[in-house]
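Everything in the sequence shown is counted per UniProt numbering, starting at 1 for the first residue and increasing by one.
Notes follow once the structure below has been shown.
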Amino acid sequence: MIERNVKNESIFLKQDSEYNSLAENVIIDYFDKILISYIDPTSENNKGCGFCLLERFINTRKDRSFVKNPNLNDNYKMDSPFENLAYLLIENLKRDKKLVDKYKRRKYYVIDKNNYSISSGYFNPIPGCEVCGCLPDDSRELILQMGKEMIENIYSKNKIPYRATDKKNIFDKLEKLVLNKDVGIVTTLMDSLDGPFPTSVAILPVENGKDESGVGRTDDIADSRAVALFEAIERYAGFMPRGKNTKIIDSYNNLKNNFDDEVIDIKKIILHEDSLSNDSEYKNDFFRFNYKLEHHWVYGYDLSRKRPILLPETLAYYGMRLKDKSYVKESFVYEISNGCAVGSSLIESSYYGLMEVIERDAFLTSWYMNRKIKKIILDEDFMSSNHIVKKEIVKFCEFYKEFYIDIYDITSDTKVPVILVTVTRKNVNKTKLNFMCAAAADVDIFIAIEKALHEVSSIFLGFEEKFEKDYNEIIEKGENLTKVVDMLDHSLIYGYYKNLDKIVFEKQVFEKYYISDLVSDYKKSLNNAYEEILDNLRKIKKDVIVVDQTTEEMKKIGLFCTKTFALGLLPMTFDSKNVRISDERVKDIEYHDNKKLRLRYIPHPFP
Numbered sequence: 001m002i003e004r005n006v007k008n009e010s011i012f013l014k015q016d017s018e019y020n021s022l023a024e025n026v027i028i029d030y031f032d033k034i035l036i037s038y039i040d041p042t043s044e045n046n047k048g049c050g051f052c053l054l055e056r057f058i059n060t061r062k063d064r065s066f067v068k069n070p071n072l073n074d075n076y077k078m079d080s081p082f083e084n085l086a087y088l089l090i091e092n093l094k095r096d097k098k099l100v101d102k103y104k105r106r107k108y109y110v111i112d113k114n115n116y117s118i119s120s121g122y123f124n125p126i127p128g129c130e131v132c133g134c135l136p137d138d139s140r141e142l143i144l145q146m147g148k149e150m151i152e153n154i155y156s157k158n159k160i161p162y163r164a165t166d167k168k169n170i171f172d173k174l175e176k177l178v179l180n181k182d183v184g185i186v187t188t189l190m191d192s193l194d195g196p197f198p199t200s201v202a203i204l205p206v207e208n209g210k211d212e213s214g215v216g217r218t219d220d221i222a223d224s225r226a227v228a229l230f231e232a233i234e235r236y237a238g239f240m241p242r243g244k245n246t247k248i249i250d251s252y253n254n255l256k257n258n259f260d261d262e263v264i265d266i267k268k269i270i271l272h273e274d275s276l277s278n279d280s281e282y283k284n285d286f287f288r289f290n291y292k293l294e295h296h297w298v299y300g301y302d303l304s305r306k307r308p309i310l311l312p313e314t315l316a317y318y319g320m321r322l323k324d325k326s327y328v329k330e331s332f333v334y335e336i337s338n339g340c341a342v343g344s345s346l347i348e349s350s351y352y353g354l355m356e357v358i359e360r361d362a363f364l365t366s367w368y369m370n371r372k373i374k375k376i377i378l379d380e381d382f383m384s385s386n387h388i389v390k391k392e393i394v395k396f397c398e399f400y401k402e403f404y405i406d407i408y409d410i411t412s413d414t415k416v417p418v419i420l421v422t423v424t425r426k427n428v429n430k431t432k433l434n435f436m437c438a439a440a441a442d443v444d445i446f447i448a449i450e451k452a453l454h455e456v457s458s459i460f461l462g463f464e465e466k467f468e469k470d471y472n473e474i475i476e477k478g479e480n481l482t483k484v485v486d487m488l489d490h491s492l493i494y495g496y497y498k499n500l501d502k503i504v505f506e507k508q509v510f511e512k513y514y515i516s517d518l519v520s521d522y523k524k525s526l527n528n529a530y531e532e533i534l535d536n537l538r539k540i541k542k543d544v545i546v547v548d549q550t551t552e553e554m555k556k557i558g559l560f561c562t563k564t565f566a567l568g569l570l571p572m573t574f575d576s577k578n579v580r581i582s583d584e585r586v587k588d589i590e591y592h593d594n595k596k597l598r599l600r601y602i603p604h605p606f607p
């Protein structure tokens with residue numbers, strides 16, 4: 001018989017037991033599964049404890065929001081016939097030369113009680129685990145180092161490519177690192193070939209009991225899978241800090257008094273209480289910023305002014321109030337993953353995050369402000385050419401034969417090309433989805449067109465079924481727009497035939513041009529493009545701030561995640577009462593368009 005139940009040698013887990021410290025043998029007997037792992041006390045690689053394994057396991061369960069987190073208990077005795085088997089597997093782990101793999105993941109076994117099967121795998125330690133974690137503290141020194149690196153890269157004479165690492169190579173590493181149905185950060189990766197372009201979806205279970213999706217929409221299934229997984233891990237990084245410990249807790253007033261230049265001007269993010277929409281039925285009474293309340297603060301880097309900057313943690317990470325109820329009082333603004341992106345370097349991830357910020361501001365200023373936009377005509381010269389985007393357009397149009405396809409150039413004063421593609425049913429149907437749109441930004445306008453086509457295509461297919469399923473609820477919200485609450489509501493209510501008259505992009509067109517007249521102004525390097533964009537934003541007095549969200553896991557494979565802000569540009573929001581429109585941004589666009597704008601605050605149709 002194997003010796004067991006020696007104090008601190010083994011930990012056993014069951015429901016409703018007491019917490020205990022790190023131990024060598026880990027046996028988790030939980031519902032229909034038994035999870036087993038081992039920590040070698042003589043090894044320096046002691047990250048990945050029983051608490052980590054348990055949390056990873058519970059977080060993949062569909063019922064995780066209803067399951068009370070069990071704790072550790074030395075005195076728990078396992079039922080036969082699994083007891084001896086568990087210890088045999090422990091002994092096997094002790095002899096395993098690959099107990100910890102090259103990604104610092106710990107090996108575990110799973111016994112399925114239902115079919116008596118045994119499987120094995122590796123789990124990632126929990127960043128910041130109270131038992132075995134050791135994340136670095138967020139600090140001014142760290143952000144100065146990051147800022148210096150980014151500034152050097154942006155203004156470097158060396159040409160930095162838009163994607164410095166082969167997508168397939170980094171996808172393979174990321175898939176191995178995070179995808180696992182039992183203990184993975186991402187549990188599922190699914191493909192759909194129903195539309196004109198392949199779509200992939202990666203499921204990220206988050207701590208609040210819900211699932212977030214990373215979606216890849218390209219013209220290639222392998223690329224779609226990669227993009228889906230990248231987007232899922234981006235959500236994981238943006239939900240809460242998983243690479244640094246937040247250390248600064250203070251009020252805005254105190255920080256401003258002591259570190260004025262290195263604290264964000266909170267008004268520049270467009271607070272809800274300052275939004276012009278407060279004069280309408282879409283007033284927000286929930287979010288308010290308390291200047292005297294203690295907040296958690298994280299460091300970002302202001303690329304425009306080349307200095308560190310402190311931001312509220314609830315602004316930099318969108319899931320904080322779901323992580324810990326104590327953060328609810330600190331929540332002062334509706335924030336999502338707007339501006340978050342991953343890349344093989346800080347500059348790369350930040351660049352693509354900035355593209356998203358610019359895209360969404362261009363869309364929102366078009367929708368709320370009735371500003372001037374241009375229409376792109378698909379002329380015969382282009383449609384008879386061999387241009388790669390032409391082939392994408394043909395494929396798209398052939399699939400959506402029952403719809404009008406319109407392409408608009410909604411580029412604003414940022415000067416980065418932004419494309420809006422709309423799909424409208426030719427013969428309006430009272431019970432079907434009649435409208436959908438999507439936007440994309442890129443320094444190459446043809447790439448922006450291609451991205452917008454891919455985006456709207458897969459979204460339409462997914463929303464069409466939901467529209468018919470939830471038709472009565474959509475009608476109710478469509479006829480009373482103040483009831484629009486969820487992200488999906490925004491798109492679905494404009495698929496309702498009675499709301500088509502609210503889609504006025506065509507009336508905003510002041511100029512039309514042929515797509516064959518477009519010239520690809522594709523910069524030769526990412527850093528040259530970034531420098532030019534920063535310069536353009538500086539001219540319209542918009543500071544660019546970057547927060548490093550890179551997680552402990554991402555660092556292992558050379559992947560980075562950042563959240564990028566362009567202070568003063570309109571942020572994407574969902575829920576009819578979360579609109580954030582500033583008087584300053586209205587004046588920007590009025591100056592750019594040389595006309596007085598007529599505002600409206602009804603919910604936007606952004607998907």
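We treat Cβ as the ideally placed atom computed from N, Cα and C, and that holds for glycine.
By the 16-neighbour rule on beta-carbons within 10 angstroms, M190 is exposed. Residue pairing by DSSP places M146 in no beta bridge whatsoever. Counting along the chain, the unbroken alpha helix (DSSP H) around M320 starts and ends at M320 to K323. Classified as exposed, L88 has fewer than 16 neighbouring CB atoms from the shown chains inside 10 Å of its CB. Collapsing the DSSP output to three states places Y351 in a helix. As the crow flies, the alpha-carbon of R598 is around 8 Å from that of Y368. Shown here, T482 sits in a helix according to DSSP, grouped into three states.
One alpha carbon belongs to A439, the other to L518, and they sit about 18 Å apart. Residue environment for G558: exposed (fewer than 16 other C-beta atoms within 10 angstroms of its C-beta). Between the stretch 524-542 and the stretch 110-128, the count of C-beta pairs closer than 8 Å stays below three; the two stretches do not touch. Looking at the DSSP output, R425 shares a beta bridge with F403.
Three or more beta-carbon pairs separated by less than 8 Å link the stretch 540-558 to the stretch 236-255, which places the two stretches in contact. Nearest to V298 by alpha-carbon distance, out of I309, K292, A441 and K210, is I309.
Contact check between the stretch 304-320 and the stretch 252-265: three or more CB pairs, one atom from each, fall below 8 Å, which counts as touching. Under the 8 Å Cβ criterion, the stretch 579-598 does not count as touching the stretch 418-433, having fewer than three qualifying pairs. Between V206 and F57, the gap from beta carbon to beta carbon reaches 8 Å or more. Counting the other Cβ atoms within 10 Å of the Cβ of D381 gives fewer than 16, which makes it exposed. Between the alpha carbons of A529 and N158 lies a distance of about 13 Å.
Taking a contact to require three or more Cβ pairs closer than 8 Å, the stretch 196-206 and the stretch 223-232 qualify as touching. Within 10 angstroms of the beta-carbon of T218 lie 16 or more other beta-carbons, which makes it buried. Ranked by Cα distance from T365, the first of C132, T187, G133 and D583 is D583. Close CB contacts of S280 within its chain, under the 8 Å cut and outside five residues either way in sequence, are with Y601 (chain order). Fewer than three Cβ pairs drawn from the stretch 143-151 and the stretch 162-181 lie within less than 8 Å of each other, which leaves the two stretches out of contact.
Annotation for E212: the continuous beta strand (DSSP E) segment containing it runs D211 to R217. Beyond the five residues adjoining it in sequence on each side, E294 comes within less than 7 Å, by CB distance, of I249, D250 and S251 in the same chain, given in chain order. For the options K47, P603 and P81, the alpha carbon positioned closest to that of G133 is the one of K47.
Contact between V389 and I459 is absent: CB atoms are separated by about 19 Å, not below the 8 Å threshold. Rounded to the nearest whole angstrom, the C-alpha separation of I28 and G50 is 8 Å.
Counting C-beta atoms within 10 angstroms of its own C-beta, P161 has fewer than 16 neighbours from the protein chains shown and is therefore classed as exposed.
Linking E141 to K292 through their CA atoms gives a straight-line distance of about 27 Å.
Residue burial annotation: N386 is exposed, with fewer than 16 other C-beta atoms found within 10 angstroms of its C-beta.
K502 and E455 have their C-alpha atoms roughly 22 Å apart. CA-to-CA, the gap between F606 and Y38 works out to about 48 Å. A Cβ-Cβ contact shorter than 8 Å links F505 with Y408. Taking one beta carbon from each stretch, the stretch 329-348 and the stretch 560-568 have 3 or more pairs nearer than 8 Å; the two touch. Counting only runs of 4 or more residues that sit fully inside the stretch 243-281, the alpha helix (DSSP H) segments are 252-259, in chain order.
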